[in-house]
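Engineer:
Residue numbers (my numbering): 568 to 851.
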């Protein structure tokens with residue numbers, strides 16, 4: 568392979584760290600090329616895909632709002648994409664057909680496996696029912712949880728998503744939809760996962776999705792996992808740290824999903840630590 572041309576498409580992409588991480592990975596692997604950030608409003612999606620296919624790109628990442636619409640353009644996709652119902656990584660083959668992958672599930676699971684956290688037959692609490700929650704539920708199912716309680720502010724709006732999840736995973740895990748306002752105790756959960764944007768930079772920054780008194784009810788061996796990665800230490804992670812809980816921040820998931828995408832495109836082993844350092848420097 569000569570020079571790599573890679574990209575991310577989504578809208579907006581103002582705070583994306585993908586370019587920083589992937590360009591660091593290319594340099595570390597001694598590969599020539601560039602990873603570009605291509606802001607792509609929904610009305611431009613078809614034209615941008617044509618550009619990627621005809622101008623020598625080998626692959627691209629896909630983020631909000633295109634993770635589901637992109638599936639219409641694919642000739643094939645992997646099992647993870649099928650399970651998640653969304654694609655975040657695309658490889659452009661020599662015949663210009665598009666192969667879709669979902670590396671979010673891997674990205675979510677890997678930090679838990681690294682810390683040797685077993686969720687076999689455990690119960691999980693998931694805050695939010697958006698696209699990120701779908702990948703998280705797929706990951707939790709893979710990790711062997713027995714029951715997932717999805718907490719939403721608006722049960723009616725969330726019902727369709729939950730129905731889709733039940734159709735996918737009902738043979739493996741029980742999925743319940745609950746009003747977040749009734750969440751007063753976490754004592755029965757092995758893991759709490761925030762998939763909402765609460766706590767994100769420029770979106771309720773410095774705010775936690777749960778008060779201290781509720782978080783304090785988590786068991787001693789339970790884990791707090793916040794998918795928000797900017798800021799690095801969200802209010803939820805700060806709460807978990809003060810309470811002495813095991814916690815995982817969103818940057819770990821972001822880095823590992825990016826590392827898997829890099830290997831799909833290049834076949835080279837990514838410098839995961841180098842990718843994380845590059846992302847951290849950008850966030851500082």
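Glycine is no exception: its CB is placed at the ideal position from the N, C-alpha and C atoms.
Go to residue 594, then tell me how far its beta strand (DSSP E) extends in each direction, as first and last residue.
Structural biologist: Along the chain shown, read from residue 1 onward, the residue named residue 594 stands at position 27. Not the beta strand (DSSP E): residue 594 falls in the alpha helix (DSSP H), residues 585-595.
Engineer: Does the segment 727-734 come within contact of the segment 782-799, defined as at least 3 CB pairs closer than 8 angstroms?
Structural biologist: Verdict: no, contact absent.
Engineer: Could you tell me whether the Cβ atoms of residue 614 and residue 575 are closer together than 8 angstroms?
Structural biologist: Counted from its first residue, the chain shown places residue 614 at position 47. Counted from its first residue, the chain shown places residue 575 at position 8. No; because the gap between Cβ atoms is not below 8 angstroms, this pair is not in contact.
Engineer: Going by the CB atoms, is the gap between residue 842 and residue 592 shorter than 8 angstroms?
Structural biologist: Position 25 of the chain shown holds residue 592. Position 275 of the chain shown holds residue 842. Taking 8 angstroms as the Cβ cut-off, residue 592 and residue 842 qualify as a contacting pair.
Engineer: What residues are listed by DSSP as bridge partners for residue 604?
Structural biologist: Taking the first residue of the chain shown as 1, we reach residue 604 at position 37. Residue 604 pairs with 575.
Engineer: Would the beta-carbon of residue 755 fall within 8 angstroms of that of residue 695?
Structural biologist: Here the question's residue 755 lines up with position 188 in the chain shown. Here the question's residue 695 lines up with position 128 in the chain shown. No, they are not a contact pair.
Engineer: Give me, in chain order, the residues of the same chain whose beta-carbon lies closer than 8 angstroms to that of residue 844; leave out the 5 immediate sequence neighbours on both sides.
Structural biologist: Taking the chain shown and counting its residues from 1, the one referred to as residue 844 is at position 277. Excluding residues within five positions, the ones whose Cβ falls inside 8 angstroms are 591.
Engineer: Measuring only the C-alpha atoms, how far is residue 645 from residue 651?
Structural biologist: Within the chain shown, residue 645 is the residue found at index 78, counting from 1. Within the chain shown, residue 651 is the residue found at index 84, counting from 1. Each residue's Cα considered, the two are about 10 angstroms apart.
Engineer: How about residue 673 and residue 824: do their beta carbons lie closer than 8 angstroms?
Structural biologist: What you label residue 673 is simply residue 106 of the chain shown in a count that begins at 1. What you label residue 824 is simply residue 257 of the chain shown in a count that begins at 1. It is a contact, given that the beta carbons lie within the stated cut-off.
Engineer: For residue 653, collect the residues of the same chain with a Cβ closer than 8 angstroms to its Cβ; drop the 5 residues on either side in sequence, then sort them by chain order.
Structural biologist: If you number the chain shown from 1, residue 653 lands on position 86. Hits under 8 angstroms: 634, 635, 638, 669, 671, 698, 701 and 702.
Engineer: Taking DSSP's pairing of strands, which residues face residue 691 in a bridge?
Structural biologist: Locating residue 691 in the chain shown gives position 124, where the first residue counts as 1. Paired residues: 715 and 758.
Engineer: Would residue 789 pass as a contact of residue 744 if the rule is Cβ separation under 8 angstroms?
Structural biologist: Looking up residue 789 in the chain shown gives position 222. Looking up residue 744 in the chain shown gives position 177. Not in contact: residue 789 and residue 744 (Cβ atoms no closer than 8 angstroms).
Engineer: From residue 782 to residue 582, what distance separates their C-alpha atoms?
Structural biologist: Translated into the one-based positions of the chain shown, residue 782 becomes position 215. Translated into the one-based positions of the chain shown, residue 582 becomes position 15. Between residue 782 and residue 582, the C-alpha separation is close to 29 angstroms.
Engineer: At what residues does the alpha helix (DSSP H) containing residue 621 begin and finish?
Structural biologist: One-based indexing of the chain shown puts residue 621 at position 54. First-last of the alpha helix (DSSP H) with residue 621: 612-621.
Engineer: In the structure shown, what three-state DSSP assignment does residue 649 receive?
Structural biologist: Within the chain shown, the letter at position 82 stands for residue 649. Reduced to three states, the DSSP call for residue 649 is helix.
Engineer: Straight-line CA distance for residue 785 to residue 693?
Structural biologist: Your numbering for residue 785 matches position 218 in the chain shown. Your numbering for residue 693 matches position 126 in the chain shown. Roughly 14 angstroms between the two C-alpha positions.
Engineer: Quick one, which of 661, 586 and 667 has its alpha-carbon nearest residue 649's?
Structural biologist: For the purposes of this step, residue 649 is taken as the residue at position 82 of the chain shown. Here the closest residue by C-alpha is 667.
Engineer: Look at residue 846 and residue 588 and say whether their C-beta atoms are less than 8 angstroms apart.
Structural biologist: What you label residue 846 is simply residue 279 of the chain shown in a count that begins at 1. What you label residue 588 is simply residue 21 of the chain shown in a count that begins at 1. Yes. Within cutoff.
Engineer: Can you check which of these residues, 735, 837, 597 and 833, is closest to residue 659 by C-alpha distance?
Structural biologist: Indexing the chain shown from 1 puts residue 659 at position 92. Checked all of 735, 837, 597 and 833; the closest Cα to residue 659 is 833.
Engineer: Taking DSSP as the reference, what is the three-state secondary structure of residue 838?
Structural biologist: Position 271 of the chain shown holds residue 838. Here residue 838 sits in coil by DSSP.
Engineer: Skipping 5 residues on each side, what residues in its chain have a beta carbon closer than 8 angstroms to that of residue 690?
Structural biologist: As a working mapping, residue 690 is identified with position 123 in the chain shown. Around residue 690: 712, 713, 714, 715, 716, 755, 756 and 757.
Engineer: Whole angstroms is fine: what's the gap from residue 664's alpha carbon to residue 618's?
Structural biologist: Stepping through the chain shown from its first residue, residue 664 is reached at position 97. Stepping through the chain shown from its first residue, residue 618 is reached at position 51. Approximately 13 angstroms between the Cα atoms of the pair.
Engineer: For residue 624, which of helix, strand or coil comes out of DSSP?
Structural biologist: Taking the chain shown and counting its residues from 1, one reaches residue 624 at position 57. If DSSP states are grouped into helix, strand and coil, residue 624 belongs with coil.
Engineer: When we look at the beta-carbon of residue 819 and count the other beta-carbons within 10 Å, is it buried (16 or more) or exposed?
Structural biologist: As a working note, residue 819 is residue 252 in the chain shown. Flag for residue 819 reads buried.
Engineer: Buried or exposed: which applies to residue 778, given that a residue is buried once 16 or more other Cβ atoms fall within 10 Å of its Cβ?
Structural biologist: Here residue 778 refers to the residue found at position 211 of the chain shown. Exposed: under 16 other Cβ atoms inside 10 Å.
Engineer: Kindly indicate which three-state DSSP category residue 745 falls into: helix, strand or coil?
Structural biologist: Reading the chain shown from its first residue, position 178 is the one you call residue 745. Correct three-state label for residue 745: strand.
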